[in-house]
Amino acid sequence: MRREQYGCGGKRHSSDRICTPDGLGTSLNKDMKISLRTKLIGSSLAVIIIFGVAVTLVGIRLIADGLISQTQDRVRTDLNSARRIYHDEIKETENLVRLTGTRFFIKNALLGNDRETLQRELNQIREYESLDVLTLTDENGRVTVRSRNPAVHGDSQADDELVSQVLSRKEVVAGTVIVPKEELTKEGEDLAQQVYMKVIPTPKAKQSSEVEKSSAMMIKAAAPVLN
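My numbering puts the sequence shown at residues 15 to 241.
Here you go:
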């Protein structure tokens, strides 16, 4: 008695032959190849993406550090330039006052007690050199001539920081000083009004009880008038 079997292709085979699933094996091989290829591509893309993100982050960090460094260098350069300019301005004011103190008209007018000439010449120098103040005192620090406001004179400047140094050391001194409203008013109401500033509170400003600013920060120089 013969047994009949049907193979994978639907044909009848003899009992001494074994059917192998060739079609199923080919399909599995193809699926395995596709799956492996997908994994390789996915892995490669993941590596590329991670590398790209890392490079981007490093680039952003380097650019940010570079910009910060450039900004800091620029600010440092600007501050150094401003410091040099300010120092030069102080030196220029110092030289101007020193040279004015050596002018012959001052010595001659002082010997002749000629206040009118002193006031006229000093005011011309003040206006020509764009000075806010140019004042002459005697050896005790009492104002002889105030070129900007000649009507006010005779008050003492001996307590002024720079004037007191000149009176004691007999040499030129210069620097930055804070001039109060009372002293500014002696030079004229217009000068006092020029520096007046109303304090306007802002959300992040330091708390202060001041409602106005009436003092002035001034580059100032003083020099002796030697006979």
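Beta carbons: idealized from backbone N, C-alpha and C, even for Gly.
Leu110 is not a Cβ neighbour of Ala123, given a cutoff of 7 Å.
Just measuring C-alpha positions, the residue of Pro194, Leu240, Ala236 sitting nearest Glu226 is Pro194. Within the same chain, Cβ atoms closer than 6 Å to the Cβ of Lys212 are found at Glu226, the five residues on either side in sequence being excluded. Measuring C-alpha to C-alpha distances from Leu145 to each of Ile99, Ala96, Arg162 identifies Arg162 as the nearest. CA-to-CA, the gap between Phe119 and Thr158 works out to about 15 Å.
The residues Val111, Arg112, Gly115, Val180, Val186, in chain order, have a CB closer than 7 Å to that of Ala237 in the same chain once the five nearest residues on each side in sequence are set aside.
Relative to the Cα of Val209, the nearest Cα in the group Lys218, Glu197, Pro215 belongs to Glu197.
Counting along the chain, Ile192 sits inside the beta strand (DSSP E) bounded by residues 187-193. Beta-bridge partners assigned by DSSP to Ala236: Val187.
Here Arg160 carries a strand assignment [DSSP, helix/strand/coil]. Counting along the chain, the unbroken alpha helix (DSSP H) around Thr131 starts and ends at 129-142. Counting the other Cβ atoms within 10 Å of the Cβ of Val177 gives 16 or more, which makes it buried. For Leu148, no alpha helix (DSSP H) run applies, since DSSP gives it neither H nor E. In the structure shown, Lys220 falls within a coil segment according to DSSP collapsed to helix, strand and coil. Here the alpha carbon of Ile77 sits roughly 12 Å from the alpha carbon of Thr85. Looking from the CA of Met232, the closest CA among Asp79, Glu224, Ile104, Phe65 belongs to Ile104. Taken in chain order, no unbroken stretch of alpha helix (DSSP H) lies wholly in the segment 53-111 with a span of 4 residues or more. A residue is called buried when at least 16 other Cβ atoms come within 10 angstroms of its Cβ; Glu108 meets this threshold and is buried. About 5 Å separates the beta carbons of Ala206 and Thr199, which is inside the 8 Å limit, making them a contact pair.
The three-state secondary structure of Ala230, taken from DSSP, is strand. Straight-line spacing of the CA atoms in Arg75 and Ser83 works out to 12 Å.
When only Cα atoms are considered, His101 and Val191 end up about 14 Å apart.
Bridge pairing for Ser178: absent [DSSP].
Within the same chain, Cβ atoms closer than 6 Å to the Cβ of Ser170 are found at Gly155, Arg156, the five residues on either side in sequence being excluded.
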